[in-house]
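Chains as they are written, first to last, in our numbering: chain A, 1 to 239; chain B, 1 to 239.
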């Protein structure tokens, strides 16, 4: 049975199989070796994630087959400011922290050997957010700020450290890229092609660091390179 | 449990999660609704496919969970000419026909309700094949011809008709596109972005015709549009 890697998160995960998306790139990299299972839920915060986890992971795990890894990528919605137009998605920082801990506990209890990777929210380009509100923005102030996203990102990294699991500090990584607002994001929040590449590379490296990188996984059936043109069927004799 | 759609085929399937690939596009279209499971095996013909089917579908089916649909996309390698540089991949036409029947029978026996879609090989641009041989080509003649691919394509359509299952006649469809050699293929055999779009649209339409299109499938958990901003948690009460 092929290893599974489950991508659990919000819209940045849900959209990850679009053109140039980090999820599709991962599935492409790990073809013949692992299945990448998409469990992204647009708009969800950690509070809603906890409400649905039982169902998400009952199905994704297919009754017993444990995932090799799960990426947990929430916080962009939790970090919406409470008094602004997307305030209904806001989750207070302390609750976000506790919710992340609960998500990690849930997965660790169910599958002790599964690698859990926490990913922080990306940085926010506030100007672009004013041009792309999710719902009508009558206040003229962005519903998310980069500062708030940064606070949630730090908390996410702290939870990972506390739980002794890897974290990808996307908020910090992306801001190292010159002109990250335009380069990495298309609407101040969701990923451009470059932004997707950053997440793909970070996830790939983290999986590698945990011993389940592309080179660590085995192909399930003979590669064409291993088929002897003179006696092709012998490659399949031992199956 | 989410419906599964398994993509079973050769390199044109294996590469389908690359940039602009038809498999990734299908996974993106059906996000929140179905899992697209990649089972592409570069270089394989129907003879080798039959050798590995038991293992492929044991794993892909995850012990009991039947796929809603399986695409069966072989023939490009079977149609290699026997006396040319990729002759070791060649399968005679009558055996190809019988092998396709056996693949369909295998799936029908295991999962009588699963939709099986046969896809013909694409057309071949022979000039480009001379520039992109898989192994050293000392003869100066292409290892595949468009005419041979067409014969295998017709046979594939005939098997689908005989088995009363849908077929996608890619060989014919693609040749309706002006300049298909350059537009649809990048090396005379494998799909360009446009070629991937053709396969994606054909598969999408065929699934729709079988009652498992994007509009027929339901989302597994509340969409953000269905969350009441005034009482967000009520959307999750009934889970």
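Even glycine gets a Cβ: it sits at the ideal position worked out from N, Cα and C.
Can you name the residues of chain B whose CB is closer than 7 angstroms to the CB of residue i?
i: residue 51(A); result: 236, 239
i: residue 224(A); result: 42, 43
i: residue 18(A); result: 28
i: residue 125(A); result: Result: empty, since nearest Cβ-Cβ is about 21 angstroms, beyond 7 angstroms.
i: residue 229(A); result: 88
i: residue 186(A); result: Correct list: empty, because the minimum Cβ distance to chain B is about 16 angstroms.
Can you tell me whether DSSP reads residue i as helix, strand or coil?
i: residue 240(B); result: In the structure as shown, chain B begins at 1 and stops at 239. Residue 240(B) is therefore absent and cannot be evaluated.
i: residue 70(A); result: strand
i: residue 243(B); result: For residue 243(B) there is no data in the structure shown, the boundaries of chain B being 1 and 239.
i: residue 34(B); result: coil
i: residue 5(B); result: strand
i: residue 168(B); result: strand
i: residue 218(A); result: coil
i: residue 117(A); result: strand
i: residue 94(B); result: helix
i: residue 189(A); result: coil
i: residue 133(A); result: coil
i: residue 176(A); result: coil
i: residue 210(A); result: coil
i: residue 108(A); result: helix
i: residue 205(B); result: helix
i: residue 152(A); result: helix
i: residue 248(B); result: Because residue 248(B) is not part of the residues shown, which for chain B are 1 to 239, the question remains open.
i: residue 124(B); result: coil
Can you pull the chain A residues whose beta carbon is under 8 angstroms from the beta carbon of residue i, in chain order?
i: residue 14(B); result: 31, 32
i: residue 221(B); result: 41, 52, 55, 56
i: residue 72(B); result: By Cβ distance, chain A contributes nothing, its closest Cβ being about 16 angstroms from residue 72(B), past 8 angstroms.
i: residue 38(B); result: 27, 31, 35
i: residue 22(B); result: The contacting residues do not exist; residue 22(B) stays about 11 angstroms from chain A at best.
For a contact meaning CB atoms closer than 7 angstroms, what does residue i contact in chain A?
i: residue 189(B); result: Going along chain A, no residue has its Cβ under 7 angstroms from residue 189(B), so there is no contact; the nearest lies around 14 angstroms.
i: residue 180(B); result: Within chain A, no residue comes near residue 180(B); the closest Cβ sits about 22 angstroms away, beyond 7 angstroms.
Is there at least one non-hydrogen atom of the ligand NAP closer than 7 angstroms to the beta-carbon of residue i?
i: residue 211(A); result: The ligand NAP is absent from the structure shown, which contains no ligand whatsoever.
My assumption, with CB atoms under 8 angstroms, is that residue i sits in contact with residue j. Please give the rounded CB distance.
i: residue 67(B); j: residue 6(B); result: 5 angstroms
i: residue 100(A); j: residue 156(A); result: 6 angstroms
i: residue 177(B); j: residue 69(B); result: With 8 angstroms as the limit, residue 177(B) and residue 69(B) do not qualify as a contact, their Cβ atoms being about 25 angstroms apart.
i: residue 166(B); j: residue 206(B); result: 5 angstroms
i: residue 235(B); j: residue 226(B); result: 6 angstroms
i: residue 110(A); j: residue 57(A); result: 7 angstroms
Would you mind telling me which residues of chain B sit closer than 8 angstroms to residue i, beta carbon to beta carbon, in chain order?
i: residue 69(A); result: Those do not exist, as residue 69(A) stays about 17 angstroms from chain B at its closest Cβ, beyond 8 angstroms.
i: residue 149(A); result: Those do not exist, as residue 149(A) stays about 19 angstroms from chain B at its closest Cβ, beyond 8 angstroms.
i: residue 111(A); result: What residue 111(A) touches in chain B: nothing, since even the nearest Cβ is about 16 angstroms away.
Run through chain A and tell me which residues come within less than 9 angstroms of residue i, C-beta to C-beta.
i: residue 121(B); result: Per Cβ cutoff of 9 angstroms: no residues; residue 121(B) is ~16 angstroms from chain A at best.
i: residue 128(B); result: Simply none; closest approach about 20 angstroms.
Give the interface partners of residue i over in chain E, defined as CB-CB distance under 9 angstroms, in chain order.
i: residue 133(A); result: This model lacks chain E altogether; the protein chains it does include are A and B.
Since residue i meets chain B, which of its residues come closer than 9 angstroms, beta carbon to beta carbon?
i: residue 3(A); result: Neighbours of residue 3(A) on chain B: none; closest Cβ ~11 angstroms, over 9 angstroms.
Query raised in the report: the region 74-105 of chain A: which residues have C-beta closer than 7 angstroms to a C-beta of chain B, in chain order?
Result: For the region 74-105 of chain A, which is checked against every Cβ of chain B, the residues closer than 7 angstroms are 88.
Query raised in the report: Is it true that the region 23-42 of chain A meets the region 23-34 of chain B, where meeting means three or more beta-carbon pairs spaced less than 8 angstroms apart?
Result: As far as the Cβ criterion goes, the region 23-42 of chain A touches the region 23-34 of chain B, which means the pair count is three or higher.
Query raised in the report: Is there contact between the region 114-132 of chain A and the region 68-87 of chain A, where contact requires at least three CB pairs shorter than 8 angstroms?
Result: Verdict: yes, contact present.
Requested in this report: Anything in the region 152-171 of chain A with a Cβ closer than 7 angstroms to a Cβ of chain B? List those residues in chain order, please.
Outcome: Within the region 152-171 of chain A, no residue qualifies.
Query raised in the report: What residues in the region 191-219 of chain A have a beta carbon less than 7 angstroms from any beta carbon of chain B?
Result: For the region 191-219 of chain A, which is checked against every Cβ of chain B, not one residue is closer than 7 angstroms.
Query raised in the report: Are three or more beta carbon pairs between the region 223-237 of chain B and the region 188-203 of chain B nearer than 8 angstroms?
Result: No contact exists between the region 223-237 of chain B and the region 188-203 of chain B.
Query raised in the report: Taking three-plus beta-carbon pairs below 8 angstroms as touching, is the region 167-174 of chain A in contact with the region 144-153 of chain A?
Result: Contact between the region 167-174 of chain A and the region 144-153 of chain A is present, because at least three Cβ pairs lie under 8 angstroms.
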